[in-house]
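**Q**
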Amino acid sequence: MMRTLEENLDQIKDILEKCITLQPGQEELVEFYNEKAAFEGRSISDIYAKVGEVAAVIREGVALLKASVLDRGFPKNVSDFTKGFEILASSVDNYWDYFPTKLKNIFICVDNILAQEESELWGWRGYILRLWLVPASIQKKTKIFVVYQNAILRYRTAMLGALASKCHSETTEPIPITKQNEGLRAIAYSMDLLIPGLYLWFGSIAIRIGGCKPDDRPYRYPGNIHSFAGFGLVLPGYIIFTTYQRGYDPRRTSNSRTAKT
1 MMRTLEENLD QIKDILEKCI TLQPGQEELV EFYNEKAAFE GRSISDIYAK VGEVAAVIRE
61 GVALLKASVL DRGFPKNVSD FTKGFEILAS SVDNYWDYFP TKLKNIFICV DNILAQEESE
121 LWGWRGYILR LWLVPASIQK KTKIFVVYQN AILRYRTAML GALASKCHSE TTEPIPITKQ
181 NEGLRAIAYS MDLLIPGLYL WFGSIAIRIG GCKPDDRPYR YPGNIHSFAG FGLVLPGYII
241 FTTYQRGYDP RRTSNSRTAK T
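Counted from 1, the sequence shown has number 89 at position 89 by the numbering used here; the numbering is strictly sequential.
1) If you follow the alpha helix (DSSP H) that Phe81 is part of, which residue opens it and which one closes it?
2) Indicate whether Gly211 and Ile225 have their beta-carbon atoms separated by less than 8 Å.
3) For Pro135, count neighbouring Cβ atoms within 10 angstroms of its own Cβ and tell me buried if that reaches 16, exposed if not.
4) Just to confirm, are Lys104 and Arg59 a CB contact at a threshold of 8 Å?
5) Should Gly230 and Tyr244 be called a contact, given that it needs their Cβ atoms to be closer than 8 Å?
6) Within 10 angstroms of its Cβ, does Arg42 collect 16 or more other Cβ (buried), or is it exposed?
7) Need the endpoints of the alpha helix (DSSP H) that Leu64 sits in, please.
8) What is the DSSP secondary structure of Tyr199, reduced to helix, strand or coil?
9) Near Lys50, which residues of its chain fall below 7 Å by C-beta distance, leaving aside the five closest residues on each side in sequence?
10) Using DSSP's beta-bridge definition, name the partner residues of Ala206.
11) If I'm right that Gly232 touches Tyr189 with Cβ under 8 Å, what's the distance once you round it to whole angstroms?
12) Select from Asp192, Arg156, Tyr238, Trp96 the residue whose C-alpha is nearest the C-alpha of Val57.
13) Answer with buried or exposed for Leu131, where buried requires no fewer than 16 other C-beta atoms within 10 angstroms of its C-beta.
14) Does the Cβ of Trp201 have 16 or more other Cβ atoms within 10 Å, making it buried, or fewer, making it exposed?
15) What separation, rounded to the nearest whole angstrom, lies between the Cα atoms of Ile205 and Gly183?
16) Could you check which residue in Tyr48, Asp80, Ser45, Ser137 has the C-alpha nearest to that of Val298?
17) Where does Gly247 fall in DSSP's three states?
18) Report the three-state DSSP secondary structure of Leu235 (helix, strand or coil).
19) Suppose contacts are defined by Cβ-Cβ distances below 8 Å. Is Asp216 in contact with Arg156 by that definition?
20) For a cutoff of 8 Å on Cβ pairs, would you count Pro135 as touching chain C?
21) Closer than 7 Å by C-beta to Tyr238: which residues in its own chain qualify, once you throw out the five before and the five after it? Chain order, please.
22) Alpha carbons only, please: which of Leu235, Gly203, Tyr221 is nearest the one belonging to Ile209?
23) Cα-Cα, which of Leu9, Tyr248, Ala162, Asp249 is closest to Asn94?
24) Take Ile87 as the anchor and find which of Lys36, Ala55, Glu117, Asn77 has the nearest alpha-carbon.
25) Can you list, in chain order, the residues of its chain whose CB lies under 6 Å from that of Asn255, leaving out five sequence neighbours each side?
26) What's the gap between the Cα of Gly203 and the Cα of Asp249?
27) Hey, could you find the ends of the alpha helix (DSSP H) Phe107 is sitting in?
Set out below in structure tokens:
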């Protein structure tokens with residue numbers, strides 16, 4: 001996971017350099033600046049300055065992440081790893097519309113890598129990582145494995161919000177909100193974020209004991225359950241037992257967390 005992540009981080013750095021040092025042959029970026037300026041009614045120089053501000057923020061996050069990567073595939077410094085992804089997630093939350101298409105695509109690639117990593121953390125890799133982080137967890141008196149999981153979740157949540165916002169803007173007919181699909185959405189949200197509780201659903205019937213309703217700030221959580229019936233049990237410590245084997249993203253239901261039985 002980390003080697004591929006490192007390659008994507010290098011691509012992000014390359015794209016940022018091109019964004020702030022426009023050179024001949026970068027007509028696509030120039031067109032992006034022109035369109036953004038026209039849309040916002042601002043000068044191209046204002047947009048260029050804004051992109052430079054965004055690039056500076058992202059480069060800080062990339063630098064922290066690159067410094068925390070180990071060849072063995074585990075983060076060398078979980079603190080830097082967490083800060084790096086927090087910075088990238090915040091940049092997605094606040095500046096997504098200023099990302100050129102190529103930069104957005106690389107961020108999506110990173111999200112796909114983390115989706116795979118998130119799934120693998122429920123298998124042997126997760127157990128190895130837990131053991132590897134035990135000494136540091138004891139020394140710092142904190143569950144560093146949980147911190148690592150939360151860093152991944154923070155980035156993936158920001159990306160989900162950005163992509164859902166784009167999907168919403170392209171949808172001509174909004175999905176009607178009913179008590180039935182709100183109940184399933186609450187189950188999807190609770191299981192997606194591994195909030196302790198018991199979850200049962202059969203068709204439009206949704207039973208939730210524990211968990212919580214989706215936090216729709218700053219973006220409405222778009223996830224949902226994509227099976228007719230099933231159950232899930234989430235225990236404290238991010239332990240899940242579920243029959244559900246699909247994803248929650250309405251556009252990517254095949255990427256899933258492996259079910260535990």
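Glycine included, every Cβ here is placed at the ideal spot set by N, Cα and C.
**A** Put simply:
1) 78-95
2) no
3) exposed
4) no
5) yes
6) exposed
7) 44-67
8) strand
9) Tyr98
10) Trp201
11) The Cβ separation is near 12 Å, so there is no contact.
12) Trp96
13) exposed
14) buried
15) 8 Å
16) Since the first residue of the chain shown is 1 and the last is 261, residue 298 is not available in this structure.
17) coil
18) strand
19) no
20) Looking at the structure shown, chain C is missing, and only one protein chain is on hand.
21) Val146, Gln149, Leu194
22) Leu235
23) Ala162
24) Ala55
25) In this prediction, Asn255 scores a pLDDT of 42, lower than 50, which makes its location untrustworthy; the coordinate-derived value is nonetheless stated afterwards. Once the five neighbours on either side are set aside, the close Cβ partners of Asn255 are Ala115, Gly247.
26) 19 Å
27) 101-120
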